[in-house]
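Asker: What follows is a structure written as structure tokens; I'll ask about it next.
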Amino acid sequence: MILKPLEQLPKTPLTIKRALLSVSDKTNILPLAESLHAANVTLLSTGGTYKTLQEAGIPVTEVASLTGFPECLDGRVKTLHPIIHGGILARTSFGPDNNELRRLQIEPIELVVVNLYPFDSITARSDVAIEEATEYIDIGGPTMVRAAAKNFAHVTILSNPNQYYTFLSEFDSHSSISFQTRLRLAQQAFKHTFEYERGISNYFNSIIHTEPNQPLKDEAGNTKKEHIVMKTNFHVNSPLHNYLRYGENPHQNASIYGEPDKFIDCLHGKELSYNNYLDIDSALRLYEDFSETNPTCAIFKHTIPCGVASASTLNEAYKKAFSTDKVSPFGGVVLCNTLLDIDTAKAIDSIFTEIIIAPKYSDETLELLTQKKNRRLIQILAKQKLGIQKQYRSIFGGVLVQELNNIATDTASFKVVTNRQPTPREMQDMLFAWKIVRHVKSNAIVFAKDEQTLGIGSGQTSRVDSSEIAVSKAAKEQHSLVGSAIASDAFFPFSDGIEAAADAGTTAVIQPGGSVRDQEVIDKANELDLAMVFTSIRHFRH
Numbered sequence: 108m109i110l111k112p113l114e115q116l117p118k119t120p121l122t123i124k125r126a127l128l129s130v131s132d133k134t135n136i137l138p139l140a141e142s143l144h145a146a147n148v149t150l151l152s153t154g155g156t157y158k159t160l161q162e163a164g165i166p167v168t169e170v171a172s173l174t175g176f177p178e179c180l181d182g183r184v185k186t187l188h189p190i191i192h193g194g195i196l197a198r199t200s201f202g203p204d205n206n207e208l209r210r211l212q213i214e215p216i217e218l219v220v221v222n223l224y225p226f227d228s229i230t231a232r233s234d235v236a237i238e239e240a241t242e243y244i245d246i247g248g249p250t251m252v253r254a255a256a257k258n259f260a261h262v263t264i265l266s267n268p269n270q271y272y273t274f275l276s277e278f279d280s281h282s283s284i285s286f287q288t289r290l291r292l293a294q295q296a297f298k299h300t301f302e303y304e305r306g307i308s309n310y311f312n313s314i315i316h317t318e319p320n321q322p323l324k325d326e327a328g329n330t331k332k333e334h335i336v337m338k339t340n341f342h343v344n345s346p347l348h349n350y351l352r353y354g355e356n357p358h359q360n361a362s363i364y365g366e367p368d369k370f371i372d373c374l375h376g377k378e379l380s381y382n383n384y385l386d387i388d389s390a391l392r393l394y395e396d397f398s399e400t401n402p403t404c405a406i407f408k409h410t411i412p413c414g415v416a417s418a419s420t421l422n423e424a425y426k427k428a429f430s431t432d433k434v435s436p437f438g439g440v441v442l443c444n445t446l447l448d449i450d451t452a453k454a455i456d457s458i459f460t461e462i463i464i465a466p467k468y469s470d471e472t473l474e475l476l477t478q479k480k481n482r483r484l485i486q487i488l489a490k491q492k493l494g495i496q497k498q499y500r501s502i503f504g505g506v507l508v509q510e511l512n513n514i515a516t517d518t519a520s521f522k523v524v525t526n527r528q529p530t531p532r533e534m535q536d537m538l539f540a541w542k543i544v545r546h547v548k549s550n551a552i553v554f555a556k557d558e559q560t561l562g563i564g565s566g567q568t569s570r571v572d573s574s575e576i577a578v579s580k581a582a583k584e585q586h587s588l589v590g591s592a593i594a595s596d597a598f599f600p601f602s603d604g605i606e607a608a609a610d611a612g613t614t615a616v617i618q619p620g621g622s623v624r625d626q627e628v629i630d631k632a633n634e635l636d637l638a639m640v641f642t643s644i645r646h647f648r649h
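Here this note's numbering = 1-based position in the sequence shown + 107.
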């Protein structure tokens with residue numbers, strides 16, 4: 108093999124005499140073909156593309172007549188032939204290649220227009236069978252795309268209909284295509300085939316890993332402790348969505364990858380920042396826990412809820428959530444789980460709020476809230492699962508991967524461990540607090556009553572400290588904790604935690620349990636006439 112460094116590749120403009128067109132997505136293929144024909148370019152084509160051009164009256168040669176070998180196996184083999192790939196891969200600036208083309212009677216192909224079968228959209232259907240899915244695995248298409256992209260010094264590759272207009276603008280102006288354009292199109296082509304192969308790989312991974320809670324067995328066949336099946340190799344391949352102004356701090360570069368636009372639409376305001384995306388993600392997690400039939404507002408600061416409430420109206424829910432902590436919401440994020448009406452919007456508008464999130468906005472509301480140009484208005488596009496089943500965190504030497512903490516609250520697994528049973532109201536308050544505490548940074552404490560948070564303590568190294576912060580916040584806002592419920596994201600290691608809560612007025616406690624001192628805590632709860640529930644589920648958030 109004779110290798111040529113990049114600087115020795117021919118960088119002269121490329122004249123196009125022959126083009127091969129074979130596309131799955133036929134958007135704008137006719138205008139492209141008509142322009143090429145008008146420029147005296149010979150057109151070659153296959154299958155459905157050939158039929159489309161022929162029916163439009165555009166002169167075109169079928170690949171089968173060129174190769175002397177018909178399409179076969181129900182169209183599975185069309186272009187996999189030396190006459191085609193020799194024409195694409197030939198280095199026409201290299202004498203020996205030209206000699207071989209003449210000996211084999213192969214003519215070079217200077218333009219390849221190919222896009223691939225819609226594998227991702229087919230496999231996105233819930234009813235697709237593997238037999239149908241495999242028929243949408245393109246073989247000849249990626250081969251031609253890669254061949255043309257590899258030989259970009261002598262071939263132009265168009266792998267997306269969005270490229271046709273720019274291509275024709277240059278071709279019509281100069282009757283040729285520059286080296287820089289060919290190089291750029293080659294890069295886009297390799298990205299196209301890479302993402303295509305990624306989709307196929309992801310599909311096969313999804314149908315193989317069908318038992319997410321499969322237990323491991325030891326050599327004797329005995330079940331070991333439950334273990335979530337993880338892939339043996341870790342890959343995350345997501346398309347670039349946007350470059351961000353900076354990361355968590357101005358000196359950090361940042362980008363976002365994936366398809367966040369499937370879930371949210373930024374209706375107004377500046378581009379979202381790195382921190383904005385984190386805040387919105389935290390808000391959307393909580394959004395999934397509340398039904399739109401129960402108007403709920405949550406206020407976040409630095410990804411942590413500082414007030415949450417449900418009520419008969421959204422306006423009342425916002426006012427109750429805001430009253431939890433009237434200082435932290437400044438510059439924060441407000442989440443509404445139903446149509447944002449004008450009365451609630453006026454209340455939110457009374458202080459500086461950086462982001463407002465809602466599934467719907469009234470026209471009157473949008474007119475009011477868009478008056479502040481820097482405020483971001485986010486619309487939730489669908490009440491659906493967010494699509495992320497794993498969480499990733501990079502550490503020294505590797506990446507930590509875990510399942511998302513989205514386990515459903517199962518009251519059937521709750522266990523009342525005290526002598527006194529909770530009243531229906533206390534159980535309702537405990538369930539509300541338990542919904543919220545999973546979204547608070549550990550150590551996390553939430554006091555709640557009547558579907559309203561009264562005090563939230565988060566991010567402390569001591570559970571007692573978090574409890575004291577929550578109590579002090581409630582006192583600052585003049586919220587009585589008498590008759591409230593307290594939720595803790597992890598067990599109380601000592602009885603002093605619930606004793607302090609009882610002193611503040613709490614009558615019901617919900618926590619995971621699991622401490623070696625559980626009985627000591629239970630005894631103290633009985634002594635204080637508290638009702639206490641163990642959930643057996645921990646909700647650490649670090």
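We treat Cβ as the ideally placed atom computed from N, Cα and C, and that holds for glycine.
Assign R483 to buried or exposed, taking buried as 16 or more other Cβ atoms, counted over all protein chains shown, within 10 Å of its Cβ.
Answerer: Looking at its Cβ environment, which holds 16 or more other Cβ atoms inside 10 Å, R483 is buried.
Asker: Could you pull the start and end residues of the alpha helix (DSSP H) that Q161 belongs to?
Answerer: Run containing Q161: 154 to 162, per the alpha helix (DSSP H) assignment.
Asker: Pick out whichever of I455, K369, G365, K377 has its Cα sitting closest to the Cα of R667.
Answerer: It is not possible to answer for residue 667, since the shown part of the chain is limited to 108 through 649.
Asker: Tell me whether H299 sits in a helix, a strand or coil according to DSSP, three-state version.
Answerer: Helix, per DSSP.
Asker: Cβ of A654 within 9 Å of Cβ of I195?
Answerer: As displayed, the chain neither begins before 108 nor continues past 649, which places residue 654 out of reach and without an answer.
Asker: Taking DSSP as the reference, what is the three-state secondary structure of G306?
Answerer: If DSSP states are grouped into helix, strand and coil, G306 belongs with the helices.
Asker: How many angstroms separate the CA atom of D536 from the CA atom of E395?
Answerer: Going by the C-alpha atoms only, they are around 19 Å apart.
Asker: Tell me R483's beta-bridge partners as DSSP assigns them.
Answerer: For R483, which the question treats as bridged, DSSP gives the partners I462.
Asker: Leaving out five residues on either side along the sequence, give the residues of the same chain with a beta carbon under 6 Å from the beta carbon of A611.
Answerer: The residues are V578, L588.
Asker: Any idea if E634 is buried or exposed, counting beta-carbon neighbours within 10 angstroms, 16 or more meaning buried?
Answerer: E634 should be labelled exposed.
Asker: Specify the secondary structure class of H375 as computed by DSSP and reduced to three states.
Answerer: The answer is strand: DSSP assigns H375 an E or B state.
Asker: Quick check on the DSSP output: the beta strand (DSSP E) that includes Y499 runs from which residue to which?
Answerer: Taken as a continuous stretch (DSSP letters only), the beta strand (DSSP E) holding Y499 covers 497 to 502.
Asker: Could you spell out the range, first to last residue, of the beta strand (DSSP E) harbouring F554?
Answerer: Residues 552 to 555.
Asker: Which two residues bound the contiguous beta strand (DSSP E) that contains E510?
Answerer: Unbroken beta strand (DSSP E) run through E510: 505 to 510.
Asker: Roughly how many angstroms lie between the CA atoms of G414 and V623, to the nearest whole one?
Answerer: Straight-line Cα distance between these residues: approximately 33 Å.
Asker: Go through its chain and collect everything with a Cβ distance to N135's Cβ below 7 Å, but skip five positions before and after it.
Answerer: Excluding residues within five positions, the ones whose Cβ falls inside 7 Å are P268, Y271.
Asker: Any contact of the stretch 426 to 434 with the stretch 400 to 411, i.e. 3+ C-beta pairs under 8 Å?
Answerer: With a cut-off of 8 Å, the stretch 400 to 411 and the stretch 426 to 434 count as touching, because enough Cβ pairs lie within range.
Asker: To the nearest angstrom, how far is the alpha carbon of D557 from that of L475?
Answerer: Their backbone Cα atoms lie some 31 Å apart in a straight line.
Asker: Out of curiosity, what's the CA-to-CA distance linking T156 and N222?
Answerer: T156 and N222: Cα-Cα distance of roughly 11 Å.
Asker: Are the CB atoms of S380 and Y364 nearer to each other than 9 Å?
Answerer: Contact: no.
Asker: According to DSSP, simplified to helix, strand and coil, what is L151?
Answerer: In the structure shown, L151 sits in a strand (DSSP, three-state: E or B).
Asker: With a threshold of 7 Å on Cβ separation, who are the neighbours of T98 within its own chain once the five nearest residues in sequence on each side are excluded?
Answerer: This structure cannot speak to residue 98, because the chain is shown only from 108 to 649.
Asker: Please classify H334: does DSSP put it in a helix, a strand, or coil?
Answerer: Legend: pLDDT at H334 = 46, less than 50; position of this residue unreliable, no value from coordinates given.
Asker: Note the first and the last residue of the continuous beta strand (DSSP E) segment covering K408.
Answerer: First-last of the beta strand (DSSP E) with K408: 403 to 408.
Asker: Can you tell me which residues form a DSSP beta bridge with G562?
Answerer: Note: G562 sits in a beta bridge opposite F554.
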